[in-house]
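Read in my numbering, the sequence shown has 29 at position 26, and its numbers run on one by one without any break.
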Amino acid sequence: MPDAVPVVALGRPVIFLGPPGAGKGTQARQVAQSYGVPHLSTGDMFRDHVGRGTPLGRRAKPIMERGELVPDDLVMSMVEERISRPDCANGFVLDGFPRTLPQARKLDEILGTRPNGEPLVVHFVVDPAQLMRRLTGRRTCAVGGEIYNIHDHPPKVAGRCDHDGGELMQRADDREEVIAERMAAYERQTRPLVDYYRGRGVLRDLDGMAAPAEVTRRIFGLLAAQPEKSR
Ligand code: AP5
Ligand code: MG
């Protein structure tokens, strides 16, 4: 648990951008909880739809199993509805969205109509050699979503969540061949967003190689140094 705790409201959208396994979900849970704002992971939303067998989940499932990106129109309608809810009025953390230039441009349009809509983009920089180890070792609690790693952050009891005793699951897309495709999709479709947001002056690089608590401290530092802005 980090020493630093936020003393101000988040007050705006924060986007966590980075490759699979960079630590976006681990940090987004922590930061959103500390600021009392929603953590919006499009990956988690799709996995929820897949688990419930909704029409959206049935379309997304085979695409996610191949490690490809779900089409922009399906992503956008889901996100637009979610961020229009009242709990997003004081800021929110976007994890894994946007991931294509069309998604980023559409998000700009939506945020442009809101007060304090200018986002801060936190770009996770992690040595590629670390990513495969992190992803193949990841286990996630089926109940509360807590994220573990069998190598670096194991649970106290194998296969069980420390917090609620829930079963720890391996994600269907955390097999090596699917991970390789997810990495390729990141390079092809998502990495261009780094230049897109850097050019706008709203992106900050984050060294994501330190231990999770240290990374959290660094994020708090970035957020504290970037006062809330209006468009
Ligand atoms: P999504 O769920 O977003 O997956 P991802 O982007 O591939 O990222 P991950 O969740 O794998 O990694 P993470 O950065 O969250 O790492 P984590 O914190 O878990 O998307 C899945 C799929 O959904 C996509 O492939 C696509 O099909 C679809 N999709 C989702 N959004 C979409 C969109 N916008 N458009 C189109 N399609 C979309 O950490 C990983 C591991 O590392 C854990 O074991 C953790 O314990 C460990 N770890 C974390 N931090 C550290 C640290 N500092 N040091 C050591 N280990 C660490
Ligand atoms: Mg994640």
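The C-beta atom is built at its ideal place from N, Cα and C for all residues, glycine as well.
Straight-line gap, residue i to residue j (C-alpha atoms, nearest Å)
i: residue 134; j: residue 23; result: 7 Å
i: residue 95; j: residue 71; result: 25 Å
i: residue 190; j: residue 28; result: 19 Å
i: residue 154; j: residue 140; result: 6 Å
i: residue 214; j: residue 50; result: 27 Å
i: residue 90; j: residue 37; result: 15 Å
i: residue 100; j: residue 192; result: 12 Å
Buried/exposed call for residue i, threshold 16 Cβ in 10 Å
i: residue 30; result: buried
i: residue 183; result: exposed
Residue closest to residue i, alpha-carbon to alpha-carbon, out of the options
i: residue 45; options: 131, 103, 191 and 173; result: 103
i: residue 170; options: 186, 105 and 149; result: 149
i: residue 43; options: 9, 17, 185 and 168; result: 17
i: residue 19; options: 109, 35 and 168; result: 35
Check: residue i C-beta below 8 Å from any heavy atom of ligand 2
i: residue 140; result: no
Beta-carbon proximity of residue i to residue j, cut-off 9 Å
i: residue 176; j: residue 81; result: no
i: residue 58; j: residue 85; result: no
i: residue 209; j: residue 201; result: no
i: residue 205; j: residue 146; result: no
i: residue 130; j: residue 212; result: yes
i: residue 207; j: residue 196; result: no
i: residue 61; j: residue 181; result: no
i: residue 143; j: residue 172; result: yes
Ligand 1 heavy atom lying under 8 Å from the CB of residue i
i: residue 222; result: no
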